[in-house]
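By my numbering, the letter at position 121 of the sequence shown is numbered 525, and the numbering carries on one by one without gaps.
We put the beta carbon where it would ideally sit given N, CA and C, even for glycine.
Only a predicted model underlies this, so the values are computations on that prediction, with no experimental measurement involved.
Only one structure is covered here, and it is reproduced in the block below.
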Amino acid sequence: MSDERRSGWGTVSAGLFVLAALLALYLVPRATAGPTSVLTGVEFLVFGIVVGAYGTMVGAGGGFLIVPALLLVYRVSPAQAAGTSLAVVFLNALAGTISYARQKRVDYRSGLTFAVATLPGAISGAYLARFFTGRGFDIVFGVVMLLLAGLLLWRPAAEEEYAAALVEEAEPWWHIDQRLTDRSGEMYRYRYNLLVGVAVSFVVGFLSSIFGIGGGIIHVPVLIYVLGFPAHIATATSHFILVISAGAGAVSHIWLGNVLFGPAIFMGLGAIFGAPVGARLARRLHGSRIVRFLSLALFVVGLRLLLR
Numbered sequence: 405m406s407d408e409r410r411s412g413w414g415t416v417s418a419g420l421f422v423l424a425a426l427l428a429l430y431l432v433p434r435a436t437a438g439p440t441s442v443l444t445g446v447e448f449l450v451f452g453i454v455v456g457a458y459g460t461m462v463g464a465g466g467g468f469l470i471v472p473a474l475l476l477v478y479r480v481s482p483a484q485a486a487g488t489s490l491a492v493v494f495l496n497a498l499a500g501t502i503s504y505a506r507q508k509r510v511d512y513r514s515g516l517t518f519a520v521a522t523l524p525g526a527i528s529g530a531y532l533a534r535f536f537t538g539r540g541f542d543i544v545f546g547v548v549m550l551l552l553a554g555l556l557l558w559r560p561a562a563e564e565e566y567a568a569a570l571v572e573e574a575e576p577w578w579h580i581d582q583r584l585t586d587r588s589g590e591m592y593r594y595r596y597n598l599l600v601g602v603a604v605s606f607v608v609g610f611l612s613s614i615f616g617i618g619g620g621i622i623h624v625p626v627l628i629y630v631l632g633f634p635a636h637i638a639t640a641t642s643h644f645i646l647v648i649s650a651g652a653g654a655v656s657h658i659w660l661g662n663v664l665f666g667p668a669i670f671m672g673l674g675a676i677f678g679a680p681v682g683a684r685l686a687r688r689l690h691g692s693r694i695v696r697f698l699s700l701a702l703f704v705v706g707l708r709l710l711l712r
């Protein structure tokens, strides 16, 4: 099968995952403190598979789908939605990182630095999440989603620009010149400002813990557009960062009693199975298509929250 045909099938498959994830947001609202029946448990499991696949494909962890679903469908509090989502995002990120590591697309050096920078914000954000009211949370979260969707639609990823922008000249120590070759033999070269990356990562950790989204939906655009990472490396490295940042945020939320363990366990199991599927889909898609799929989900979720 040709690369073009494989890419086409990857696009169709990814589209089906998008459709399933977005339809899940329009289920009949109900109250829940955890799965109360086998059917409810199956709902969380299937939704977790979709979230795991789609979230891993775009490098965002899937929290931007979980939080709206818990708010709109299951009517939980914002703090519980954020805490439960981060627990699932951690499991999804862990499974996705393993798959991306096998593809050799994770920039461990950069990812570890940015992940450590997210920790103070992730811990403090968990404590502040309880001060958000239901409607205020919806409005702020929805606006953030729409702004990010607009950014991604306005300027999709173009790895060629980054390669052309690299110049052979002396740079300050905080300008990192990175080279990475993946399992297929494709080489990526990019340069980024370490200080900017660390500063943005701190803010990402703070916002991700408040909203329960894991930070991937913010980190991926920042890695691509601000720091100049190729889209495929950005999605893989973002997942590695999520393992650490979402883990810290989830532990903080567990300590504060914000995690609904029933939904978290069922969705987490589903995410573990879905993550490898998403990683394989990402490998077959062009960077700009990955970014456009991310923008589509952000737009629908943001609009749905504002019109709630």
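Would you list the one or two residues that DSSP bridges to residue i?
i	result
residue 579	597
residue 585	591
Of all the CB atoms in chain B, is at least one closer than 9 Å to the CB of residue i?
i	result
residue 612	Of the protein chains in this structure there is only one, and it is not chain B.
Does DSSP put residue i in a helix, a strand or coil?
i	result
residue 465	coil
residue 662	coil
residue 449	helix
residue 542	helix
residue 478	coil
residue 498	helix
residue 509	coil
residue 619	coil
residue 707	helix
Give me the residue from the options with the minimum Cα distance to residue i.
i	options	result
residue 473	485, 494, 445	485
residue 697	481, 553, 671	553
residue 682	444, 665, 479, 466	466
residue 656	702, 542, 704, 487	487
residue 713	633, 685, 543, 594	As shown, the chain starts at 405 and ends at 712. That puts residue 713 outside it, with no answer to give.
residue 583	637, 541, 481	637
residue 615	491, 444, 449, 462	491
residue 648	478, 481, 483, 496	496
residue 480	589, 704, 645, 665	665
residue 708	550, 658, 462, 450	550
residue 603	482, 627, 644	627
residue 489	578, 535, 663	663
residue 502	644, 685, 590	644
residue 621	630, 639, 500	639
residue 613	529, 499, 468, 477	529
residue 518	631, 704, 658	631
residue 444	667, 701, 624	667
residue 576	475, 468, 477, 595	595
Looking at the secondary structure, which residues open and close the alpha helix (DSSP H) in which residue i lies?
i	result
residue 634	It is not in any alpha helix (DSSP H) - residue 634 carries neither H nor E in the DSSP assignment.
residue 513	512-532
Can residue i be considered in contact with the ligand FMN, in the sense that its beta carbon sits closer than 8 Å to one or more heavy atoms?
i	result
residue 499	For the structure depicted, the ligand FMN is absent and the ligand set is empty, with no information on it obtainable.
Legend entry - Three-pair Cβ contact test at 8 Å for the region 454-469 versus the region 664-677: yes
Inset, instruction - Check whether the region 517-526 touches the region 608-617, taking contact to mean three or more Cβ pairs, one atom from each stretch, closer than 8 Å. - result: yes
Legend entry - the region 505-521 in contact with the region 662-671 per 3-pair CB rule at 8 Å: no
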